[in-house]
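Taking it in order: structure first as structure tokens, then the write-up.
2 protein chains.
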Amino acid sequence: MTTRWSRAQSEAARQGLDALLITPGADLRYLTGYDAKPLERLTCLVVPSEGDPFLVVPALERAAAEASGVEIALETFGETEDPFQLVASLLPSATSVGLDNHMWAERVFAWHDVLPETAFTTAGTVIRELRLRKDAAELEALREAGETIDRVHARVHEWLRPGRTEREVGADIARAIVEEGHETVDFVIVGSGPNSASPHHELSDRVIEEGDPVVVDLGGTTHAGYCSDSTRTYLAGGTPDPQYAEAYTVLLAAQTAQRAHARPGVTAESVDAVGRQILADAGYGDLFIHRTGHGIGMETHEEPYIVEGNELVLEEGMAFSIEPGFYVSGVHGARIEDIAVCTADGLAVLNDRPRELVVL
Amino acid sequence: MTTRWSRAQSEAARQGLDALLITPGADLRYLTGYDAKPLERLTCLVVPSEGDPFLVVPALERAAAEASGVEIALETFGETEDPFQLVASLLPSATSVGLDNHMWAERVFAWHDVLPETAFTTAGTVIRELRLRKDAAELEALREAGETIDRVHARVHEWLRPGRTEREVGADIARAIVEEGHETVDFVIVGSGPNSASPHHELSDRVIEEGDPVVVDLGGTTHAGYCSDSTRTYLAGGTPDPQYAEAYTVLLAAQTAQRAHARPGVTAESVDAVGRQILADAGYGDLFIHRTGHGIGMETHEEPYIVEGNELVLEEGMAFSIEPGFYVSGVHGARIEDIAVCTADGLAVLNDRPRELVVL
């Protein structure tokens, strides 16, 4: 963690920030290992650009913080003390401070109150530089997450069949996500028939019918705090509608081309464009209604976003989803999603379940 | 929901706010019924103090928002459009805007950028006035949550015994929280032996020993979105240490007195003081290291806080925990927690498992 702190400190200094204030969430866990709950009492990592970082915690959470193994000085406050004043007293000369991008608004206002002369901005530009490039241990953690969710997809046939509701199937899948090794279930999408056309559909009481396409998009977090996210599209028995099958073939070609294209040195938006062009050339351009993907790590969605307009050049260590889809509102849809990571050799794909339409 | 909107609108107007901006979380669910995920694409309820509220959602989440049953106009934006500019264009004359207390900092900064002439504050002072006083349906939802977690406590004896680790016991309890009817497990604290002295301990690999006191603090959320939270202290067989038993008797007297005292018309801090005095009189004042309680509803911790300095006069419909404890660092601790709600008749307590030290 000390390496991460010193990198955060140099990057903060480079950006002209005197300190970073980081509240519970992925950034705090990344920098300290402490998976603190986001509660109403302030927990806040203070990273001055010079000097030692310290963690402000409620007195009654000192033991929990220590038990989490954080190797950092703790400053505590009692139930009727003001932690914002405490931090302000420890940062008297900070003129420019970066706040955790996900810090609560009420806290942003509280800092303004206790440090009225200080200019605030987001800490994200600093932390992003670190979290964007995964180190070897992080890549191993993402690989484990990918293998875990693949084992769940390998079992979907046990539960997904006509006559059952999406919710019933989803409950079985959620149990398996934990059984196979995730600590938490982050989301379970079972979009059957017309619901497959809603990219962010979750679960409903719709009864799955023979021949339905079913988009199954699953994610969980491992004990190490890294996320999985993989989508496969199934057919609940029967044979696919010919038009649907044709579109699916194009989708698979698009996703395959994107996997072949993505690597260090190409831009994020070019990965999106490669797939979008293939779908557009076949007349399905308007049906691919979302970006190609999102970064993944300690959050399911983080940078880099694989989207038009993102000119970021991909580098070794960047991990992201490749998940094109097509959606005909009220009729049907499909999506194929893998997590991939840029390596010295090109691209390592962390999911390897069959990508063809899986007829159950 | 329309009643809630109009109450929010009049309260916003009364406080001089032209609009409220509410992002995913409890406030959004309270005002719309939509349990939107907190993701990187902006979802935002706009409540102008005059005119109709509307919900800004990403185009690809339109179907999910509609499926959630929201009865509100939707404004959507595409993958490469700027939703902050969209909202700004719809609020051209807003001079004072309240932001969701839990809105992400990066969004607070984004509103400042697109509405540079607007003054921002928290929306909490408005929403708090609504959420603080639960209506009949909410009280029924909290009652159901309380009965559900009571059924889990009634089964703790099935799993908690010497020789098992806290983590093993916790996993069994977590499963039961869902089996008994909660939608999600919010937290499972099994603090055994010396870990019982850490109020926010969760689970560890410590093996429970014969005669250990074990603090078991459990909470989940029901399908309706309301939270449970109840603590009982168990003894893992054997007989209690006499000093511990004596302190526990005082703790129970304190919690009983607090339940007898709390009702509409008394202040929040007086409920805290009543219990604290009893513990202090018996020489345990320094061991009660946290406030007495927190409000509960669609969040586990919300207003009103039962703490010294909170002069709020309790009113019918206010729901909160009563959870005094004592903690001897590194040795042992105990806590007794019930959820209670102020009613026309006094106080209704929503948990009713035995409060004595439960010897297993």
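Residue numbers (the numbering used here), protein chains in the order written: chain A, 1 to 360; chain B, 1001 to 1360. Beta carbons are placed, not taken as given, at the ideal position from N, Cα and C, and that holds for glycine. These numbers come from a predicted model, not from an experiment.
| Asked | Found |
| --- | --- |
| Extent of the continuous beta strand (DSSP E) to which A348 (chain A) belongs | G346 to V349 |
| Same chain, Cβ closer than 6 Å to E1075 (chain B), five either side skipped, listed in chain order | F1054 and V1056 |
| Buried or exposed (CB count within 10 angstroms, at least 16 for buried), R1014 (chain B) | exposed |
| Counted within 10 angstroms of its Cβ, other Cβ atoms place P1092 (chain B) as buried (16 or more) or exposed | exposed |
| Residues of its chain near V1313 (chain B), where Cβ-Cβ distance is below 6 Å and the 5 sequence neighbours each way are ignored | T1267 |
| Closer than 7 Å at the beta carbon, the chain E residues around V108 (chain A) | Absence of chain E from the displayed structure is noted, the protein chains being A and B. |
| Assumed close pair G191 (chain A), V214 (chain A) - CB separation to whole angstroms, cut-off 8 Å | 7 Å |
| Own chain partners of G275 (chain A) with C-beta closer than 7 Å, once the 5 adjacent residues on each side are dropped | A254, Q255, A257, Q258, T292 and P324 |
| Chain-ordered neighbours of H201 (chain A) on chain B, where CB pairs are closer than 8 Å | A1063, A1064 and A1067 |
| Where T1121 (chain B) meets chain A, residues with beta-carbon distance less than 8 Å | F109 |
| Residues, ordered as in the chain, of the region 76 to 97 of chain A that lie near chain B by beta-carbon distance below 9 Å | G78, E79 and T80 |
| Backbone secondary structure at T1118 (chain B) - three-state DSSP | coil |
| CB contact check: D100 (chain A) to chain B, cutoff 9 Å | yes |
| Residue from B:V1349, B:V1156 and B:E1050 whose Cα sits closest to the Cα of I1177 (chain B) | B:V1156 |
| For P1213 (chain B), the residue or residues it bridges with in DSSP | B:L1235 |
| Beta carbon proximity, S198 (chain A) to chain B, threshold 9 Å | yes |
| Short CB-CB distance (under 9 Å) between G283 (chain A) and chain B | no |
| Alpha-carbon to alpha-carbon, Y327 (chain A) and L357 (chain A) | 15 Å |
| Cβ-Cβ distance between H1200 (chain B) and L60 (chain A) below 9 Å | yes |
| Among B:Y1244, B:D1352, B:T1343 and B:R1353, nearest to A1136 (chain B) - alpha-carbon criterion | B:T1343 |
| Buried versus exposed call for H1362 (chain B) [16 or more other C-beta atoms within 10 Å across all chains shown] | This structure leaves residue 1362 (chain B) out entirely; chain B is present only between 1001 and 1360. |
| Where S1204 (chain B) meets chain A, residues with beta-carbon distance less than 9 Å | A67 |
| E1308 (chain B) to G170 (chain A) span [Cα, whole Å] | 45 Å |
| N-terminal and C-terminal residue of the beta strand (DSSP E) that E1183 (chain B) is part of | Looking at the DSSP string, E1183 (chain B) is not in any beta strand (DSSP E), and its letter there is neither H nor E. |
| Under 9 Å by beta carbon: chain B residues contacting L39 (chain A) | H1200, T1300 and H1301 |
| Distance between beta carbons of L1130 (chain B) and A1008 (chain B), contact taken as under 8 Å | 6 Å |
| In DSSP terms, what S1321 (chain B) is bridged to | B:I1339 |
| Beta-carbon neighbours of G1124 (chain B), restricted to chain A and to distances below 7 Å | E106 |
| Start-to-end residues for the alpha helix (DSSP H) that takes in V1087 (chain B) | P1083 to L1090 |
| Proximal chain B residues relative to I289 (chain A), where beta-carbon distance stays under 9 Å | A1059, L1060, G1078 and E1079 |
| Alpha-carbon to alpha-carbon, T1003 (chain B) and G1033 (chain B) | 13 Å |
| Terminal residues of the alpha helix (DSSP H) in which E71 (chain A) lies | Taken as a continuous stretch (DSSP letters only), E71 (chain A) belongs to no alpha helix (DSSP H), as it is neither H nor E. |
| Proximity of F84 (chain A) and A110 (chain A) at Cβ, strictly below 9 Å | yes |
| Test: A294 (chain A) CB closer than 9 Å to a CB of chain B | Here residue 294 (chain A) is His; the residue named in the question, Ala, does not match the sequence. Interface residue, yes. |
| Three-state secondary structure (DSSP) of E144 (chain A) | helix |
| Chain A contact for F1187 (chain B) (CB, 9 Å cutoff) | yes |
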